[in-house]
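Residue numbers (the working numbering), protein chains in the order written: chain E, 27 to 182; chain X, 469 to 602.
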Amino acid sequence: MPLSLFPLGIWHYLVGGLIVGLGVAVIFLSTGIIAGASGVFTSTWSYLSGRKYFHQPEFVSGRVWRLIFSAGLIVGALLFTLLISKSQFVTQVQWWRLALGGLLIGFGTRLSRGCTSGHGICGLASFSLPSLLAVLTFMAVAIITATVVSALGVFP
Amino acid sequence: MRQGVSILLGGVIFGFGLALSGMTKPELVLSFLQLRDLGLLFVMGGAVVVAMIAFQLGPRLMKKPLFANQFGQNKKVLDKNTIIGAAIFGLGWGISGLCPGSAIASLGTGNFPVLIGVVAMFLGAYLQGILADK
């Protein structure tokens, strides 16, 4: 058993989370938009594909701000890396896990219409029952899956 | 224009917070999912509290957002796809330690292997769109 449930402390987690929430608040108070991250994976296809599904009004009207928001996520993390951590982090998770996981994540978040930000942060913050049920579902499945993966001897 | 700048600024703040909290490291996310470090609960809790204050007070204290005509409403619906999709997402999250926002932000920390995951997310969403079109 680990000695603590928080071996790295809690402050950087809490402060990071408050800052993430501030980002959501800035977007909401200035534009009225409730920002989730996964929508970009669908809305961007409206530029490239003629399929009817990708040309629904919500995807066409949201495709610009979703790309801008995604660019912001990258720039924000880059600023942290250049100004604070001053070190690059490269994951050791195997490429096949990133690829397989990514496929399931893209498919699943879009089927569910939300991810850790859309359902997790924004959904819970607006007291949405569908989001609460989605969060409980993906948390439970992810905890079981990650535990099984590690029990099978796959690391990190 | 002002909307675009504020969305970019919000995204920058959001991405900075993700990187500060370590969510751009799949290893750290996996250590949460394997219940070895529960810090992720503070990330999500902190973000929910701040977002909740904005969602609840904003529309009460301001007639409209600074640069737009009305506040958006959460329009999440509950059907079997909400739950089945969440379960499929959970499977992918547990396999990889990635989730959409932190995977995109990871690219800014120089964590380039995660690009494989981000490309796969676009492909997974394409597949979902094709199946939904039928």
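Every residue, glycine too, gets a C-beta built ideally from N, C-alpha and C.
For this session: Compare the Cα-Cα distances from I572(X) to each of V41(E), F95(E), A61(E) and W71(E) and report the closest residue.
Result: Within the second sequence, numbered from 1, the residue matching residue 572(X) stands at position 104. Ranking V41(E), F95(E), A61(E) and W71(E) by Cα distance to I572(X) puts F95(E) first.
Exercise. Listed from N- to C-terminal order along the chain, which residues in the segment 517-533 of chain X have their beta-carbon within a distance smaller than 8 angstroms of any beta-carbon of chain E?
Worked result: V517, V518, A519, M520, I521, A522, F523, G526, M530, K532 and P533
For this session: Classify N549(X) as helix, strand or coil using the three-state DSSP reduction.
Result: One-based indexing of the second sequence puts residue 549(X) at position 81. The answer is helix: DSSP assigns N549(X) an H, G or I state.
Problem set entry | Cβ-based neighbour list, V497(X), same chain, cut-off 6 angstroms, excluding 5 preceding and 5 following | Translated into positions along the second sequence, residue 497(X) becomes position 29. Excluding sequence neighbours, V497(X) sits near G565.
Exercise. Thinking just about the alpha-carbon of each residue, which of F510(X), G540(X), G560(X) and F500(X) is nearest to the one in F523(X)?
Worked result: Along the second sequence, read from residue 1 onward, the residue named residue 523(X) stands at position 55. When only C-alpha atoms are compared, the closest one is G540(X).
Exercise. Of all the alpha helix (DSSP H) runs that stay within the bounds of the segment 575-601 of chain X, which reach a length of 4 or more residues?
Worked result: 582-601
Exercise. What are the start and end residues of the alpha helix (DSSP H) that includes R77(E)?
Worked result: Walking along the first sequence from the start, residue 77(E) turns up at place 51. No alpha helix (DSSP H) holds R77(E); DSSP gives it neither H nor E.
For this session: Determine, using beta carbons only, whether F115(E) and P568(X) come nearer to each other than 8 angstroms.
Result: Here residue 115(E) is taken as the residue at index 89 of the first sequence, counted from 1. Here residue 568(X) is taken as the residue at index 100 of the second sequence, counted from 1. No, the pair does not count as a contact, with Cβ atoms beyond the cut-off.
Problem set entry | Cβ neighbour criterion (16 or more within 10 Å) applied to G76(E) | As a working mapping, residue 76(E) is identified with position 50 in the first sequence. It is exposed - the Cβ of G76(E) has fewer than 16 other Cβ atoms within 10 Å.
Exercise. Roughly how many angstroms separate the alpha carbons of L74(E) and H81(E), rounded to a whole number?
Worked result: One-based indexing of the first sequence puts residue 74(E) at position 48. One-based indexing of the first sequence puts residue 81(E) at position 55. Their Cα atoms are separated by approximately 10 angstroms.
For this session: Using a threshold of 8 angstroms, state whether the C-beta atoms of G146(E) and F557(X) are closer than that.
Result: As a working mapping, residue 146(E) is identified with position 120 in the first sequence. As a working mapping, residue 557(X) is identified with position 89 in the second sequence. Not in contact: G146(E) and F557(X) (Cβ atoms no closer than 8 angstroms).
Problem set entry | Alpha-carbon spacing of I60(E) relative to L109(E), whole angstroms | Locating residue 60(E) in the first sequence gives position 34, counting from the first residue. Locating residue 109(E) in the first sequence gives position 83, counting from the first residue. Distance between the alpha carbons of I60(E) and L109(E): 29 angstroms.
For this session: Starting from the beta carbon of K78(E), find every residue of chain X whose beta carbon is closer than 7 angstroms, and list them in chain order.
Result: By 1-based counting over the first sequence, the position of residue 78(E) is 52. Within 7 angstroms Cβ-Cβ: D601.
For this session: Spatial neighbours of S499(X) within its chain, please: CB distance less than 6 angstroms, with the 5 preceding and 5 following residues excluded, ordered by chain position.
Result: Counting from one through the second sequence, the residue named residue 499(X) turns up at place 31. Closer than 6 angstroms at the Cβ level, and outside the excluded window around S499(X), lie D505.
Exercise. What residues in its chain sit with their C-beta under 7 angstroms from that of S118(E), if we drop five residues either side in the sequence?
Worked result: Here residue 118(E) is taken as the residue at index 92 of the first sequence, counted from 1. Residue identity differs from the one stated: residue 118(E) is Gln in this sequence, not Ser. Closer than 7 angstroms at the Cβ level, and outside the excluded window around Q118(E), lie P182.
Exercise. Is P581(X) near L124(E), with beta carbons less than 8 angstroms apart?
Worked result: The residue labelled residue 581(X) in the question sits at position 113 within the second sequence. The residue labelled residue 124(E) in the question sits at position 98 within the first sequence. Yes, these two residues count as a Cβ contact at 8 angstroms.
Exercise. Looking only at its own chain, which residues have a Cβ that is under 8 angstroms from the Cβ of V545(X), when we skip the five neighbours before and after it?
Worked result: The residue labelled residue 545(X) in the question sits at position 77 within the second sequence. Answer for V545(X): no residue qualifies.
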